C-alpha cells in the first residue's frame, strides 16, 4: 500500500484550491472522486454562491456523493475540513483514543477514523509520557505488541476499522468458510451397509433369476444439502456491519462444494429486497454495488416486523425448502408494532430448521434484552450470537451445524423471564 502524504492547507487559500484539496481528502477516504467531479463542484459553487454554509454543503454533496453509504464519510470530512482552519490538531486530538487503544468517552466512529486517516495519512501523534503512564494504569497488556496484527484485526469491531483495516478484513472474510453437514432424507440409495430393505430391487433381481430370491438389497438414506437464507438489516445503525457480512456471504455463495444447496440473500430496512442474483457476480465489489443500487433503503429506518411479514408472505415457500438454515442479521431496534414482529418471528422460526440471530450489540458485556423489539424476537430463535467482528463470524462457521448451540440465548432468556 502506497504511503499516504498528509494534506496541508494552501498558503494563499482560494475557494477552487480548497475544493480541490477537499476532493483529494474525499478520495483518500474512499469516495470515487475524479477530476470531472471536481470541475463540476467548482462550477456548481460558482453558480450557487458561497453565502450560506448549508447551501455550500449540499452543493458539494450533490457533486461528490453518489451512494447512500458515502454520506457519513462526506459529512465527517466536510466537518473536519471546513469548520476549523486548525483541523489537523483537531483530528489528532480526536484520534488519540483510537491510537492509544483505550476507550475514554467513546470510540472514534468509523467515518471519523476514515476522515482523519484521509487528511492525516500515516502520521500518528505522539502520546505524552505523563498520559502514557496514566493509560498504563488502565490496561495491563498492550494487545498490539502481544498478538499478531491479524489476530488483533479479527477481534476489532467492524465499526472501528479504518480504510486499510476494512480492506484487510475483506480479504480475510473472503477466505472464511461456512461448512454445513448434510441432512438424511426419506429417499434412499443402494448400499450394502444400509439398514432398510430395498424390496423393489430385491424382486427385480429375483425375476431375473426365475423368481428365486438369492439375496436382499439394502438402502441407505440419501443425503441432501440445506439452503442458506440470509436476512440482513441495512438500516443506519447496521450499515457497516451489513457490508462486511455481505462480503462474507458473497464468498460463501461463490464457493463450490461447501455444502449449501443454494444461498438466498435478502436485505431489509424499510422494505424487503431480494439480492440473491447479484451474489452470482464473481467480483465482490460489482456484486455489492449492484445490490446497493437495487436496495434503495440503505441507511434508512427499520421496519423489521413489516419486512419479515413480506418475506413470510412472498418468499418463504420458495426458498425455505430443503431444511433451510436462516441467518438473521439485525440489532433488533424496531419501533413498529411488537405484536406483528413477534408473530412474524414465530412464523419464520417454524419454517426454518434453524434460525440464528447475529446481533452486533451483543459485543457489549452489559448487554441486556431491554428494547421491545429484542424482547419480542429473542424467544423465537434457536441461537443468539454476536456478529461484529471476523472472530464472531469464525465462531459461526464452527457452530452453524450444531443443533445444541444456543449462543447467549439461554442467559438472556433468564434475564428476560426474571424481569
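Residue numbers (our numbering): 1010 to 1428.
All residues carry an ideal CB built from backbone N, CA and C; glycine is no exception.
No experiment lies behind these values; they were computed from the predicted model shown.
Expressed to the nearest angstrom, what Euclidean distance is found between the alpha-carbon atoms of residue 1319 and residue 1399? Cα to Cα, the separation comes out at about 30 Å.
How about residue 1311 and residue 1242: do their beta carbons lie closer than 8 Å? yes
If the criterion is Cβ atoms closer than 8 Å, does the pair residue 1269 and residue 1235 meet it? yes
Does the beta carbon of residue 1254 sit closer than 8 Å to a beta carbon anywhere in chain B? Structure shown: chain B not included; a single protein chain is present.
Specify, as a first and last residue, the run of the beta strand (DSSP E) that residue 1338 falls within. Taken as a continuous stretch (DSSP letters only), the beta strand (DSSP E) holding residue 1338 covers 1334-1338.
Between which residues of its own chain and residue 1342 is the CB-CB distance below 7 Å, once the five residues before and five after are set aside? For residue 1342, the CB contacts under 7 Å within the same chain, skipping 5 residues up- and downstream, are 1246, 1311, 1380 and 1382 in chain order.
Give me the DSSP bridge partner(s) of residue 1227. 1206
Which listed residue (1386, 1188, 1065 and 1260) has its alpha carbon closest to that of residue 1411: 1188
Just how far apart, CA to CA, sit residue 1054 and residue 1162? Straight-line Cα distance between these residues: approximately 41 Å.
Closest to residue 1253 by CA distance: which of 1089, 1204 and 1397 is it? 1397
At what residue ranges does the stretch 1242-1286 contain a whole run of the beta strand (DSSP E), taking only runs of 3 or more? 1272-1277 and 1281-1283
Give me, in chain order, the residues of the same chain whose beta-carbon lies closer than 6 Å to that of residue 1285; leave out the 5 immediate sequence neighbours on both sides. Excluding residues up to 5 positions away in sequence, 1273 and 1274 lie with their Cβ nearer than 6 Å to the Cβ of residue 1285 in the same chain.
Give me the DSSP bridge partner(s) of residue 1237. 1272 and 1334
Which word fits residue 1373, buried or exposed, when buried means at least 16 other C-beta atoms lie within 10 angstroms of its C-beta? exposed
Beta-carbon proximity list for residue 1384, same chain, < 8 Å, skipping 5 on both sides: 1347, 1378 and 1425
In the DSSP output, what is residue 1197 paired with across the bridge? 1230
Could you tell me which residues DSSP pairs with residue 1393 in its beta bridges? Looking at the DSSP output, residue 1393 bridges to 1366 and 1416.
Under DSSP, the alpha helix (DSSP H) around residue 1374 begins and ends at which residues? From DSSP, residue 1374 is part of no alpha helix (DSSP H); its letter is neither H nor E.
For residue 1303, which option in 1276, 1321, 1249 and 1027 has the closest C-alpha, if you only look at C-alpha atoms? 1276
How is the alpha helix (DSSP H) around residue 1044 delimited, first residue to last? 1044-1057
Pull up the CB-CB distance for residue 1185 and residue 1403, whole angstroms please, since I reckon it's below 8 Å. 6 Å
Residue 1420 to residue 1051, Cα distance in whole Å? When the Cα atoms are used, residue 1420 and residue 1051 turn out to be separated by approximately 57 Å.
Chain-order list of residues whose beta-carbon lies under 6 Å from that of residue 1239 (same chain, five-residue window excluded): If we look at residue 1239 and ignore the five residues flanking it on each side, its Cβ neighbours are 1258, 1274 and 1336.
Take the Cβ of residue 1179 as the centre, count every other Cβ of all protein chains shown within 10 Å, and call the residue buried at 16 or more, exposed below. buried
Count the other C-beta atoms from every protein chain shown that fall within 10 angstroms of the C-beta of residue 1326, then say buried if there are 16 or more, exposed otherwise. Exposed is the call here.
Residue 1251: buried (16+ other C-beta within 10 angstroms of its C-beta) or exposed? buried
Quick one, which of 1215, 1198 and 1393 has its alpha-carbon nearest residue 1422's? 1393
Per DSSP, which one or two residues make a beta bridge with residue 1350? DSSP, once it has assigned bridges, lists no residue as partnering residue 1350.
Cα separation between residue 1228 and residue 1334? 27 Å
Buried or exposed: where does residue 1038 fall if 16 or more other Cβ atoms within 10 Å of its Cβ makes it buried? A residue is called buried once 16 or more other Cβ atoms fall within 10 Å of its Cβ, and residue 1038 is buried on that count.
Top-ranked residue by Cα proximity to residue 1350, from 1328, 1368, 1386 and 1338: Closest option to residue 1350, Cα to Cα, is 1386.
What do you reckon, are the CB atoms on residue 1064 and residue 1057 nearer than 8 Å? Cβ distance < 8 Å, so residue 1064 and residue 1057 count as in contact.
Pick out whichever of 1371, 1203 and 1314 has its Cα sitting closest to the Cα of residue 1281. Of 1371, 1203 and 1314, the residue nearest in Cα terms is 1314.
Own chain partners of residue 1142 with C-beta closer than 6 Å, once the 5 adjacent residues on each side are dropped: Note on residue 1142: pLDDT 37, under 50, position unreliable in the model; the coordinate value appears next. Cβ neighbours of residue 1142 beyond the five flanking positions: none.
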